[in-house]
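Participant: The structure's right below; bear with me while I get my questions together.
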Amino acid sequence: MLTRRCMPPRHWVATAVKFTRPAMPEIQLPDRTLQADEGANLLDCLLENGIALPWSCRAGHCQSCLVQSLDGRIPEAAHAQLSVEQRQSGWLLACQCRIDSAMQIKPYDPSRDGMTARIVSLSHLSGDVLILRLKPERPVRFKAGQHMLLWLANGLCRPYSIASLPSESELAFHVRLHPAGQFSAAIAACQVGDRLSLSPASGHMHYDPDWQDKPLLLLASGTGLAPLQAIARQALLEGNGQPMQIWHWSHGSAESYWGDHLQALKLGSPQLDVHLGDRANLAADLAHLRLVSRRTQALVCGSSAFIEQVRKRLFMAGLAARQIVDEAFLNRRP
Numbered sequence: 079m080l081t082r083r084c085m086p087p088r089h090w091v092a093t094a095v096k097f098t099r100p101a102m103p104e105i106q107l108p109d110r111t112l113q114a115d116e117g118a119n120l121l122d123c124l125l126e127n128g129i130a131l132p133w134s135c136r137a138g139h140c141q142s143c144l145v146q147s148l149d150g151r152i153p154e155a156a157h158a159q160l161s162v163e164q165r166q167s168g169w170l171l172a173c174q175c176r177i178d179s180a181m182q183i184k185p186y187d188p189s190r191d192g193m194t195a196r197i198v199s200l201s202h203l204s205g206d207v208l209i210l211r212l213k214p215e216r217p218v219r220f221k222a223g224q225h226m227l228l229w230l231a232n233g234l235c236r237p238y239s240i241a242s243l244p245s246e247s248e249l250a251f252h253v254r255l256h257p258a259g260q261f262s263a264a265i266a267a268c269q270v271g272d273r274l275s276l277s278p279a280s281g282h283m284h285y286d287p288d289w290q291d292k293p294l295l296l297l298a299s300g301t302g303l304a305p306l307q308a309i310a311r312q313a314l315l316e317g318n319g320q321p322m323q324i325w326h327w328s329h330g331s332a333e334s335y336w337g338d339h340l341q342a343l344k345l346g347s348p349q350l351d352v353h354l355g356d357r358a359n360l361a362a363d364l365a366h367l368r369l370v371s372r373r374t375q376a377l378v379c380g381s382s383a384f385i386e387q388v389r390k391r392l393f394m395a396g397l398a399a400r401q402i403v404d405e406a407f408l409n410r411r412p
């Protein structure tokens, strides 16, 4: 016989569970303190809170979004692309910084942290290209092909490749004049004697001494020619006697704005070949492109679409990814 035990009724008691939101890291600026979500991007945090920090590529290449750490808390990825001198001074790239703890920072100030340069000439070439020449207040350290940020007095800035060589006393830049471009329009309105501010030179696009015994293939569209012609001249200056090709495509014409200079360079350099073309014929020109050696080092500069098309052809020709250096010019914020 089974006996059922009678149990006292159960009484459920509701218990409130408290969830404590983890403390949000604080970002201390010289004039205010921000609250940030852990893991958030520093550039996004600053922009969302109304901090007018310049930016362009969001990949760390243009280095427009420089900020300086005042407490030494810098994630490795945030300054991995900077020079040794910049790292030692506490600089980091906001676009590459994930917030994992409190930070004390100050944005780059061109009047305090930059270098002043005086405009010595403004030359309008065929089409819509302006050659800007500057005389910096002191010698500038850079490698042929690198770029700098140019700052106007109103705080507007843009990255431009240096078209001159480290051995030259003036800095030259090839500026595309965009129809609705704030910066390029302001540059075109400048006068000789006006002053700009410069950030330190940076960028992975530059001549490497390890290329001394390698053929060079330089392919540019538009003002992407600026760094590549500088790299070609630096290679010749350093005695690179290997075959060298410069290909330059212009929009709407096979006439290069820098064609006379390229032909003059070719006259004094028997190993140099120059090819000028219309951007509309890019696919046909690439089909006829031939490598002189599987050891060729290729450098490509222009729009993202141009680089993608050229890289595909170079891969098909047999070059490995390590043999191709490219730099895209962004037209999003002229």
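Okay, so the sequence shown: first residue is 79 according to the numbering used here, each after it adds one. By construction, the Cβ of each residue, glycine as well, lies at the ideal position given by its N, Cα and C atoms.
1) Could you please give me the residues that DSSP links to F251 through a beta bridge?
2) Here's the rule I'm using: 16 or more other beta-carbon atoms within 10 Å means buried, otherwise exposed. How should T301 be labelled?
3) Rank D187, E163, Y186, N119 by C-alpha distance to the C-alpha of Q174 and give the top, closest one.
4) Measuring CB to CB, does Q341 end up less than 9 Å from T374?
5) Once DSSP output is grouped into helix, strand and coil, what is the label at M79?
6) Of all the CB atoms in chain B, is at least one closer than 9 Å to the CB of A172?
7) What residues in its chain sit with their C-beta under 7 Å from that of D206, if we drop five residues either side in the sequence?
8) Only counting runs of 4 or more residues, tell me where the alpha helix (DSSP H) segments fall wholly within the stretch 329–410, in order along the chain.
9) Entirely within the stretch 100–171 and at least 3 residues each: give me those beta strand (DSSP E) ranges in chain order.
10) How would you write the range of the alpha helix (DSSP H) that L303 sits in, first residue to last?
11) For the alpha helix (DSSP H) holding P188, just list the boundary residues, first then last.
12) Which word fits K390, buried or exposed, when buried means at least 16 other C-beta atoms lie within 10 angstroms of its C-beta?
13) Taking its Cβ as the centre, do 16 or more other Cβ atoms sit within 10 Å of M79, making it buried, or is it exposed?
14) Beta-carbon within less than 8 Å of T81's beta-carbon, same chain only, minus the 5 sequence neighbours each way: which residues are those?
15) Using beta-carbon positions only, say whether L243 and A222 come within less than 9 Å of one another.
16) DSSP has R176 in a bridge; who is on the other side?
17) By a C-beta neighbour count over all protein chains shown, 10 Å radius and 16 as the cutoff for buried, is V270 buried or exposed?
18) Apart from the five residues just before and just after W336, which ones in its own chain have a Cβ nearer than 6 Å to its Cβ?
19) Could you work out which residue in L360, A298, I105, S245 is closest to E126 when comparing CA atoms only?
20) Check whether the stretch 195–205 and the stretch 274–287 are in contact - that is, three or more C-beta pairs closer than 8 Å.
21) Quick check on the burial criterion: 16 or more other C-beta atoms within 10 angstroms. Buried or exposed for A137?
22) Count the other C-beta atoms from every protein chain shown that fall within 10 angstroms of the C-beta of E116, then say buried if there are 16 or more, exposed otherwise.
23) Any idea if N232 is buried or exposed, counting beta-carbon neighbours within 10 angstroms, 16 or more meaning buried?
24) Counting C-beta neighbours from all protein chains within 10 Å, is the total for Q164 16 or more, i.e. buried, or is it exposed?
Facilitator: Reading it off the structure:
1) L210
2) buried
3) N119
4) no
5) Below a pLDDT of 50, predicted positions are generally treated as unreliable, and M79, at 43, falls in that range; the measurement from the model is reported next regardless. Looking at M79 - three-state DSSP - the assignment turns out to be coil, as it is neither helix nor strand.
6) The chain labelled as chain B is not found in the depicted structure, where only one protein chain is given.
7) R254, L255
8) 337–345, 360–365, 382–395
9) 104–106, 111–113, 144–147, 169–171
10) 303–315
11) 188–191
12) exposed
13) Below a pLDDT of 50, predicted positions are generally treated as unreliable, and M79, at 43, falls in that range; the measurement from the model is reported next regardless. Exposed is the call here.
14) For T81, the predicted model reports a pLDDT of 44, less than 50, meaning its position is unreliable and no value from the coordinates is stated.
15) yes
16) N119
17) exposed
18) L303
19) I105
20) yes
21) exposed
22) exposed
23) exposed
24) buried
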